[in-house]
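*Asks:* Numbering-wise (my numbering), the sequence shown opens with residue 1066 and increments by one. Ideal Cβ placement from N, Cα and C applies to all residues, glycine included.
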Amino acid sequence: MEGRVYIVNLKAYTEGKDLGSWFSMPVNPDEVDSRLNLRNGEAEIAIHDSDLPFPVDEYMSLEELNKEWACFEELPEDFQKDVKVLVGRYGNVEAIIENVENIIFYDGIHESCDLAEFCLKEKGVLEEVPKEVRDYIDYESMGRDMELNGQFIWGKNGVFEILRV
């Protein structure tokens, strides 16, 4: 995956000059200095736009930006596709990486009732329930309760379970 950010020379911007450029990730600080007429990183910069799959702060440093990008590239593909919902839970991509072992992705589950049924089957609970009773299990209510406890986050292609440690 490729990503880009639009970075401006903040001093020039506040003076009404449009001195900005698009940069590919990871951003090379020397290239920024050169293209934005900065002197050894002395002038301030701002990120005014991005084509990144995760949110960035306007005044994020290039070091922080590149670190977030590096963390993003380490994420499993399913996590990359839904990185925004995970950032909503963890705050930034680096925190997702720190917790990646405590996050399980279940592909193809899009409804709370499917989530409940999947979890019961996965844990072997349904095997203990008589066949005559299984048709009366309210998976929708169970799934809703599972969602409300905050342990699951819905993504585009499935659901993430946040393990409690």
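Would Ile-1168 pass as a contact of Ile-1227 if the rule is Cβ separation under 8 Å?
*Replies:* Contact: yes.
*Asks:* What does the Cβ neighbour count give for Asn-1214, buried or exposed, with the cut at 16 atoms within 10 Å?
*Replies:* Classification for Asn-1214: exposed.
*Asks:* Where are the alpha helix (DSSP H) runs, 4 residues long or more, that stay fully inside the segment 1121–1157, in chain order?
*Replies:* DSSP runs (the alpha helix (DSSP H)) wholly in the segment 1121–1157: 1127–1139, 1142–1146 and 1148–1155.
*Asks:* What are the start and end residues of the alpha helix (DSSP H) that includes Val-1194?
*Replies:* Careful: Val-1194 lies outside any alpha helix (DSSP H) and carries neither H nor E.
*Asks:* CA-CA distance, Arg-1104 and Val-1165?
*Replies:* Near 39 Å, if we compare the C-alpha coordinates of Val-1165 and Arg-1104.
*Asks:* Which residues in the same chain have their Cβ closer than 6 Å to the Cβ of Gly-1208, if we skip the five residues on either side of it in sequence?
*Replies:* These residues qualify, in order along the chain: Ser-1177, Cys-1178, Leu-1180 and Ala-1181.
*Asks:* Would you check if the distance between the CB atom of Gly-1220 and the CB atom of Val-1121 is smaller than 8 Å?
*Replies:* No. Outside cutoff.
*Asks:* Which whole-angstrom value describes the C-beta separation of Val-1092 and Leu-1127, a residue pair presumed to lie in contact below a C-beta threshold of 8 Å?
*Replies:* Indeed, because the Cβ distance is near 5 Å, the residues count as touching under 8 Å.
*Asks:* Secondary structure at Asn-1222, three-state DSSP: helix, strand or coil?
*Replies:* DSSP places Asn-1222 in coil when its eight states are reduced to three.
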